[in-house]
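Asker:
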Amino acid sequence: MNARLQTIEATFEPMTEAALDAVLAVENQAYPHPWQRQHFSDCLASGYQAQLLMAGDILLGYFVAMKGFEEVHLLNLAVAPNYQRHGWAQVLLDALQIWARGQGMQWIWLEARASNTRAIHVYKAHGFRHVSLRKGYYPTDNGAREDAVMMCCKL
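In our numbering, the protein residues as written are 1448 to 1602.
1. Assuming Q1550 contacts K1514 (C-beta within less than 8 angstroms), just tell me the rounded distance between them.
2. Tell me the residue span of the alpha helix (DSSP H) that contains Y1570.
3. Tell me, to the nearest whole angstrom, how far the beta carbon of Q1496 is from that of W1554; I am working on the premise that it is less than 8 angstroms.
4. CA-CA distance, A1591 and K1582?
5. Starting from the Cα of E1474, find the closest Cα among E1460, Q1544, L1524 and give me that residue.
6. Compute the Euclidean distance between the alpha carbons of A1572 and R1484, then round it to the nearest angstrom.
7. Straight-line CA distance for T1587 to E1593?
8. Shortest alpha-carbon distance to T1458 belongs to which of S1579, V1538, H1568, E1464?
9. Would you tell me roughly how many angstroms separate the C-alpha atoms of C1599 and L1521, rounded to the nearest one?
10. Are A1559 and A1595 close, meaning C-beta to C-beta below 8 angstroms?
11. By a C-beta neighbour count over all protein chains shown, 10 Å radius and 16 as the cutoff for buried, is F1516 buried or exposed?
12. Cα separation between A1561 and V1578?
13. For G1503, count neighbouring Cβ atoms within 10 angstroms of its own Cβ and tell me buried if that reaches 16, exposed if not.
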């Protein structure tokens, strides 16, 4: 782990419009088909749960989740590539679960690209299970579509 991070406490902060430049920098590094600024802005305007995981002024990662009836849908979760494989995704998922339980939710649902085996492994390690496939859910670079693995976690 980065020596600087070993001495700085990681904290959560609400995602704001002012933070979107940093969020988009991570999003564009982390995903082949990143969300655009408007996706994040719309989520913030809708009051979705959107949290930043910070270590001082370093953005480690974030999540965006939408509350429904007795369930939460995780819409986006990313860890900055320089800080991946250090357990930060687990910290983000812990925070999401704590928030969801506090809201009286019973389930968390998500989709992951079928090819994103690393994310699927992280979700499974955190108690999510594979429920089904959504055929052709995600766009690909060649104009085709990729399946999404639907996963859920009972709280």
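Glycine included, C-beta positions come from ideal geometry on N, C-alpha and C.
Answerer: On the basis of the supplied data:
1. Here residue 1550 is taken as the residue at index 103 of the sequence shown, counted from 1. Here residue 1514 is taken as the residue at index 67 of the sequence shown, counted from 1. That pair is a contact at about 6 angstroms.
2. One-based indexing of the sequence shown puts residue 1570 at position 123. 1564-1572 is the extent of the alpha helix (DSSP H) around Y1570.
3. By 1-based counting over the sequence shown, the position of residue 1496 is 49. By 1-based counting over the sequence shown, the position of residue 1554 is 107. Going by Cβ atoms, the distance from Q1496 to W1554 rounds to 15 angstroms, so no, they are not a contact pair.
4. Along the sequence shown, read from residue 1 onward, the residue named residue 1591 stands at position 144. Along the sequence shown, read from residue 1 onward, the residue named residue 1582 stands at position 135. One C-alpha to the other measures close to 11 angstroms.
5. Position 27 of the sequence shown, counted from the first residue, corresponds to residue 1474. The candidate whose alpha carbon is nearest that of E1474 is L1524.
6. For the purposes of this step, residue 1572 is taken as the residue at position 125 of the sequence shown. For the purposes of this step, residue 1484 is taken as the residue at position 37 of the sequence shown. Rounded to whole angstroms, A1572 to R1484 spans 30 angstroms at the Cα level.
7. Translated into the one-based positions of the sequence shown, residue 1587 becomes position 140. Translated into the one-based positions of the sequence shown, residue 1593 becomes position 146. Answer to the nearest angstrom: the Cα atoms are 6 angstroms apart.
8. Here residue 1458 refers to the residue found at position 11 when the sequence shown is read from its first residue. Closest option to T1458, Cα to Cα, is V1538.
9. On the sequence shown, position 152 is the one that residue 1599 refers to. On the sequence shown, position 74 is the one that residue 1521 refers to. Those two C-alpha atoms are separated by around 10 angstroms.
10. If you number the sequence shown from 1, residue 1559 lands on position 112. If you number the sequence shown from 1, residue 1595 lands on position 148. Yes; because the gap between Cβ atoms is below 8 angstroms, this pair is in contact.
11. By 1-based counting over the sequence shown, the position of residue 1516 is 69. So F1516 ends up on the exposed side.
12. Here residue 1561 refers to the residue found at position 114 of the sequence shown. Here residue 1578 refers to the residue found at position 131 of the sequence shown. Taking the straight line from one Cα to the other gives about 13 angstroms.
13. Locating residue 1503 in the sequence shown gives position 56, counting from the first residue. Label assigned to G1503: exposed.
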